[in-house]
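Protein chains in written order, with the working numbering: chain A, 0 to 500; chain B, 0 to 500.
Structure record follows, encoded as structure tokens.
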Ligand SMILES: CC(C)(COP(=O)(O)OP(=O)(O)OC[C@H]1O[C@@H](n2cnc3c(N)ncnc32)[C@H](O)[C@@H]1OP(=O)(O)O)[C@@H](O)C(=O)NCCC(=O)NCCS
Ligand SMILES: CC(C)(COP(=O)(O)OP(=O)(O)OC[C@H]1O[C@@H](n2cnc3c(N)ncnc32)[C@H](O)[C@@H]1OP(=O)(O)O)[C@@H](O)C(=O)NCCC(=O)NCCS
């Protein structure tokens, strides 16, 4: 066996557990419930799932897969397309499994990412047969050190009957010390989570496990699938500029200083592009308390704008992977990777008073947000942590281009076709057209701000028409709607591909 | 001046501030923003608002009124109907102001009750010109002791430019000591809220105020408007039985003991009736950590079932008022009244692991809940604390009769016409028909449980038809819907008064 493998397995007797991916995959039975590491394509188990997918080709075998969040192609493409997944939660983002979810072949449970650990504790998710967890190392005191994400690994490792470790040599041992693993006590016996500042370390550098449960260790050497986000464009730069101007107005109002407040930024190209906008701004000494660190955060660290970033996962492009993971020592004192139960915990989010920036698929004239369902029926990715952050932050901002599909669809509609975030939780909407600050406003006060500031010119009149008709129809009720037409824009889009009517 | 008044004003120089309601009301200017005590008709300012309503009859005068939650008739009926309210938040429950909200005469901002204090800190609600606060007493060390509710009084008193006190002699001085006032630090400097058990006292017996800001003290002697809930009926008793059976199954599953977990129970007749059901159950040593204590809680205390209850407000019927407030000493060691920011705080709710029981207007086949908008446009009361509890509890249960308006409307619909709680947050639905436990299920797994267990027989087939058509139409998408018909039941109800089609 390679010396470096032995070195990374700090407990001697565990070296015997090293086996091939096929041998590990052979342990898994049809119908098993499997908790896996991995969060937005980072730190996911890679080689065991591939070996499992091989088995599925010739065997009737389906498992339930719960993770931190979305995974790379090994599970959500290869295993899923082979027919190996019965049920999936709590988040995904791969076109392959998305398609299977939207044709009824895979069951999917979309959930707030901070809720999962609680459901595992209660046994609602479970009993967990296997935890498959990618690790950098096992320390001599029995800590399992994750790689580029922590996600739900601690809770799966704690509750699983068996643990399969994927020891990934592609990650430098310098990752040891970057993580901070803290598992809250059971409800009823629980203490406050002692994070007072984003930089606070409150736990261990690895996951305390019952090493007796380690049934197999598989060695791998695979990089994370790189992030899929696309580069900023003119319009996302306009959105960034609108956002920065809004934050400037908050400073003028005395609500923020130019250090702002800990920032959370959501997944996807738009949220990343908007964050990039801080690079050339006057804001400084920024701190991130987020779920996923995408490219923008590292660019901001390099630019000296961000002094510290707390997350549960690092999901970056290929070039940035080389730079960051090749020199993780340079970033180690500026980063903490935490369990998602902590990165997304309402207690911590509300205490710290975050500024949350998440992307929406569509919003409506009253400020409700659809983050998940295209056309109200087809699952895109999932709600992820957007609800955890949106509900509890000091400022919850949603960004979206005002239109989609080349201008045929308006991203601002009479009524969203699926509700992920209700009017009560959405403070500010930013599109390339402008900003609507909805805080403290009644529904009818929000309408002109949203239509005039955020809607694409092609759809403004059509939205005003809908609204005025609804006011007349309902006798100016609290939330005027015309139930016959509230979803008619989506009907039109489904039938003729356009919301222009 | 009456001796008892002087005795209740612990700071001598403040006795000079005693004046008539008219004199106090005369201080308020057109356009002022006023923060008032009062939460679900309890502990609200009564005589100053009435005097203000008199002024409004002959003067152009409108104010913005923010409270804890709903008030008695003095504000939400008399002042509102006189035209004295421009804007109202964060909750109301009176037919008079409801009507004005639904005809566009009063602006209403519906909000999570735990969010208000934060908005005041940020100045989004504000600047607050006056806090009008009903009190039992002012202590010699400058604490303002509330009466039957605390609500948002501490934060309004802290941020208001001026404070008007309504010293209500109708409340026994024995109320001193029942409250526990704790105001979290500003975000960024905030410490954990140190409640580890519902019984924990963490603050002061009254609101620390800058006594210089007390501009007027008005003496009153008015009881709270009694609660309006109606008695349990056969169907709510069936709902209670279903709920208890569900909890029994949770005990069998090892998730609860027969002491259950701290209970929260929502406002309204249905939630109260369901809680009454615990009286003849085998559960014991129950603890309540809730927002409002309605009649049921006191009946359970008297029956020896509930050992302790934490709340932000006590809203009880006339008979029970006599019994409880006449003998508050007997209950004082079993009750704490807290600020609503604390009773409803996500941090505390998730730490304690509550069982939340709230009432819904309607739910849909995927588990989304409408708590607020009749027919999707007319505001009923507001979301209140239901979101705070539902999102963060160990178990979040919604109760509703399966039908409304004598059976013409189904309370389970294809798509709710307004979303207050999304599918991600709703664990269990209880109607008089039965229980649907939705935890851990994908949307399409929830549908048969909801339709078969919860829907009234009159509407079952119609819902199945909708669902099957939607599955076919969307190619079995993640959340099958027919956007043309999703709200058609509400269209039918608005046009012909019935959802039977
Ligand atoms: C909402 C979300 C999908 C946006 O992602 P994004 O990459 O920034 O957005 P894009 O504008 O590139 O849109 C992604 C896709 O949605 C489509 N889309 C966007 N708006 C749409 C709309 N109003 N109607 C229909 N489709 C729309 C785009 O056309 C694009 O489709 P394609 O992949 O077929 O090209 C993504 O942020 C997400 O999944 N959010 C939910 C989870 C979350 O917020 N997590 C953060 C917590 S930390
Ligand atoms: C939802 C809520 C209105 C139910 O109140 P309730 O008193 O238990 O319920 P009822 O069944 O008596 O219904 C109240 C009214 O709504 C009507 N209603 C109930 N279901 C309806 C439906 N599906 N469609 C239309 N109207 C409906 C009833 O007919 C009744 O109308 P009426 O006053 O004209 O007779 C009430 O619980 C509420 O306001 N909840 C939101 C706030 C909250 O949950 N706070 C708790 C946090 S601690």
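Built from N, CA and C at the ideal position, the CB exists for glycine as well.
What you are looking at is a predicted structure, and each value in this text was computed from that prediction instead of being measured.
Compute the minimum distance between the beta carbon of residue 290(B) and the heavy atoms of ligand 2, and state whether it is under 7 Å.
-> Counting from 1 along the second chain, the entry for residue 290(B) is found at position 291. Correct: residue 290(B) has its Cβ closer than 7 Å to ligand 2.
Contact the region 321-329 of chain B vs the region 50-57 of chain B: 3+ CB pairs below 8 Å | The region 321-329 of chain B vs the region 50-57 of chain B: no contact.
Under 8 Å between C-beta atoms, does residue 478(B) make it to chain A?
-> Locating residue 478(B) in the second chain gives position 479, counting from the first residue. For residue 478(B), the answer is yes, since a Cβ of chain A falls inside 8 Å of its Cβ.
Out of 492(A), 491(A), 481(A), 341(A), point me to the one whose CA is closest to residue 487(B)'s CA.
-> Sequence index remark: in the second chain, residue 487(B) carries index 488 (1-based). Residue 481(A) is the option with its Cα nearest to residue 487(B).
Can you find a CB in chain B that lies within less than 8 Å of the CB of residue 343(A)?
-> Within the first chain, numbered from 1, the residue matching residue 343(A) stands at position 344. Residue contact check for residue 343(A) against chain B: no CB pair falls below 8 Å.
Looking only at DSSP bridge pairs, what is residue 369(B) linked to?
-> Walking along the second chain from the start, residue 369(B) turns up at place 370. Paired residues: 361(B).
Would you mind working out which of 104(A), 297(A), 158(A) sits nearest residue 83(A), comparing C-alpha positions?
-> Within the first chain, numbered from 1, the residue matching residue 83(A) stands at position 84. Taking only the C-alpha atoms, the option nearest residue 83(A) is 104(A).
Could you tell me how far apart the beta carbons of residue 35(B) and residue 77(B) are, in whole angstroms, since I believe they sit closer than 8 Å?
-> Counting from 1 along the second chain, the entry for residue 35(B) is found at position 36. Counting from 1 along the second chain, the entry for residue 77(B) is found at position 78. That belief does not hold up - the Cβ atoms of residue 35(B) and residue 77(B) are roughly 14 Å apart, past 8 Å.
4 or more residues per run - each alpha helix (DSSP H) lying fully within the region 452-483 of chain A | Counting whole runs of 4 or more residues, the region 452-483 of chain A contains the alpha helix (DSSP H) stretches 456-473.
Rounded straight-line distance, which links the Cα of residue 469(B) to that of residue 491(A) | Start at 1 with the first residue of the first chain, and residue 491(A) comes out as number 492. Start at 1 with the first residue of the second chain, and residue 469(B) comes out as number 470. One C-alpha to the other measures close to 16 Å.
Pull up the DSSP beta-bridge partners for residue 277(B), would you.
-> On the second chain, residue 277(B) is found 278 positions in, with the first residue counted as 1. Answer by DSSP bridge pairing: none, since residue 277(B) is not bridged.
Taking only beta-carbon positions, decide if residue 193(A) is within less than 8 Å of chain B.
-> For this step, residue 193(A) is matched to residue 194 along the first chain. Cβ-Cβ to chain B under 8 Å: yes for residue 193(A).
Could you tell me whether any non-hydrogen atom of ligand 2 is closer than 7 Å to the CB of residue 29(B)?
-> Position 30 of the second chain, counting from 1, holds the residue named residue 29(B). Not so, every heavy atom of ligand 2 lies at least 7 Å from the Cβ.
Just the chain A side, please: which residues come within less than 8 Å of residue 441(B) by C-beta, in chain order?
-> Taking the first residue of the second chain as position 1, residue 441(B) is located at position 442. Simply 86, 106, 107, 108.
C-beta atoms of residue 180(B) and residue 13(B) nearer than 8 Å = Working through the second chain from its first residue, we reach residue 180(B) at position 181. Working through the second chain from its first residue, we reach residue 13(B) at position 14. In this structure, residue 13(B) does not lie closer than 8 Å to residue 180(B) by Cβ.
Could you check where the alpha helix (DSSP H) with residue 388(A) kicks off and where it finishes?
-> For the purposes of this step, residue 388(A) is identified with residue 389 of the first chain, where counting begins at 1. Per DSSP, the continuous alpha helix (DSSP H) segment holding residue 388(A) begins and ends at 385-391.
Since residue 365(B) and residue 422(B) are thought to touch, with beta carbons under 8 Å apart, how far apart are those beta carbons, to the nearest angstrom?
-> Within the second chain, the letter at position 366 stands for residue 365(B). Within the second chain, the letter at position 423 stands for residue 422(B). Yes, residue 365(B) and residue 422(B) are in contact; Cβ-Cβ is about 5 Å, under 8 Å.
What does residue 283(B) touch in chain A if you count any residue whose Cβ is under 8 Å from its own?
-> Taking the first residue of the second chain as position 1, residue 283(B) is located at position 284. Within 8 Å Cβ-Cβ: nothing; residue 283(B) doesn't reach chain A, min ~16 Å.
Compute every distance between the C-beta of residue 88(A) and the non-hydrogen atoms of ligand 1, then say whether any falls below 7 Å.
-> On the first chain, position 89 is the one that residue 88(A) refers to. Between ligand 1 and residue 88(A), a heavy atom-to-CB distance of less than 7 Å is absent.
What is the C-beta distance between residue 397(B) and residue 359(B), in whole angstroms, given that I count them as a contact (C-beta under 8 Å)?
-> Numbered from 1 along the second chain, position 398 holds the residue referred to as residue 397(B). Numbered from 1 along the second chain, position 360 holds the residue referred to as residue 359(B). Confirmed, Cβ separation roughly 4 Å.
Distance between residue 167(B) and residue 108(B) (C-alpha atoms, nearest Å) = Within the second chain, numbered from 1, the residue matching residue 108(B) stands at position 109. Within the second chain, numbered from 1, the residue matching residue 167(B) stands at position 168. The straight-line gap from Cα to Cα measures roughly 29 Å.
Within the region 243-320 of chain A, ranges of the beta strand (DSSP E) (whole runs, at least 3 residues) = Segments of the beta strand (DSSP E) lying fully in the region 243-320 of chain A: 262-264, 285-288, 305-310.
Compute the minimum distance between the beta carbon of residue 371(B) and the heavy atoms of ligand 2, and state whether it is under 7 Å.
-> On the second chain, position 372 is the one that residue 371(B) refers to. Result yes, Cβ under 7 Å from ligand 2.
Same chain, Cβ closer than 6 Å to residue 435(B), neighbours up to 5 away in sequence not counted | Indexing the second chain from 1 puts residue 435(B) at position 436. Annotation for residue 435(B): 428, 448, 449, 452, 453 place their beta carbon closer than 6 Å to its own, counting only its chain and skipping 5 residues before and after.
What residues from chain A crowd round residue 351(B), counting only those whose CB sits closer than 9 Å?
-> Numbered from its first residue, the second chain carries residue 351(B) at position 352. What residue 351(B) touches in chain A: 186, 187, 189.
So, does the CB of residue 475(A) fall closer than 8 Å to a CB anywhere in chain B?
-> The residue labelled residue 475(A) in the question sits at position 476 within the first chain. Judged by the 8 Å Cβ criterion, residue 475(A) is in contact with chain B.
Say yes only if the C-beta of residue 425(B) is nearer than 7 Å to one or more non-hydrogen atoms of ligand 2, and no if none qualify.
-> Position 426 of the second chain, counting from 1, holds the residue named residue 425(B). Incorrect: residue 425(B) has no Cβ contact closer than 7 Å to ligand 2.
Which residues, taken in chain order from the region 53-76 of chain B, show a beta carbon closer than 7 Å to some beta carbon of chain A?
-> The residues in question: there are none.
Under 8 Å between the Cβ atoms of residue 38(B) and residue 264(B)?
-> In the second chain, counting from the first residue as 1, residue 38(B) sits at position 39. In the second chain, counting from the first residue as 1, residue 264(B) sits at position 265. Not a contact, by the Cβ cut-off of 8 Å.
Cβ-based burial, residue 256(A) [other Cβ within 10 Å; buried from 16] | Looking up residue 256(A) in the first chain gives position 257. With fewer than 16 other Cβ atoms within 10 Å, it is exposed.
Nearest candidate by alpha-carbon position, reference residue 310(B), set 142(B), 51(B), 178(B) = As a first step, residue 310(B) is located in the second chain; it is residue number 311 there, counting from the start. The shortest CA-to-CA distance from residue 310(B) to any of 142(B), 51(B), 178(B) is the one to 178(B).
Residue 88(B) to residue 384(B), Cα distance in whole Å?
-> Numbered from its first residue, the second chain carries residue 88(B) at position 89. Numbered from its first residue, the second chain carries residue 384(B) at position 385. A straight-line Cα-Cα distance of about 13 Å links residue 88(B) and residue 384(B).
Proximity winner among 352(A), 243(A), 254(A), 251(A), relative to residue 277(A) (alpha-carbon distances) = Along the first chain, read from residue 1 onward, the residue named residue 277(A) stands at position 278. Closest by alpha carbon: 243(A).
Straight-line gap, residue 336(A) to residue 290(A) (C-alpha atoms, nearest Å) = Stepping through the first chain from its first residue, residue 336(A) is reached at position 337. Stepping through the first chain from its first residue, residue 290(A) is reached at position 291. Rounded to the nearest angstrom, the two C-alpha atoms are 9 Å apart.
Could you name the residues of chain B that residue 393(A) contacts, counting a contact when the two beta carbons are closer than 8 Å?
-> As a working mapping, residue 393(A) is identified with position 394 in the first chain. Those are 117, 121, 186, listed as they occur along chain B.
Pick helix, strand or coil for residue 448(B), following the three-state DSSP scheme.
-> Locating residue 448(B) in the second chain gives position 449, counting from the first residue. Under the three-state reduction of DSSP output, residue 448(B) falls in the helix class.
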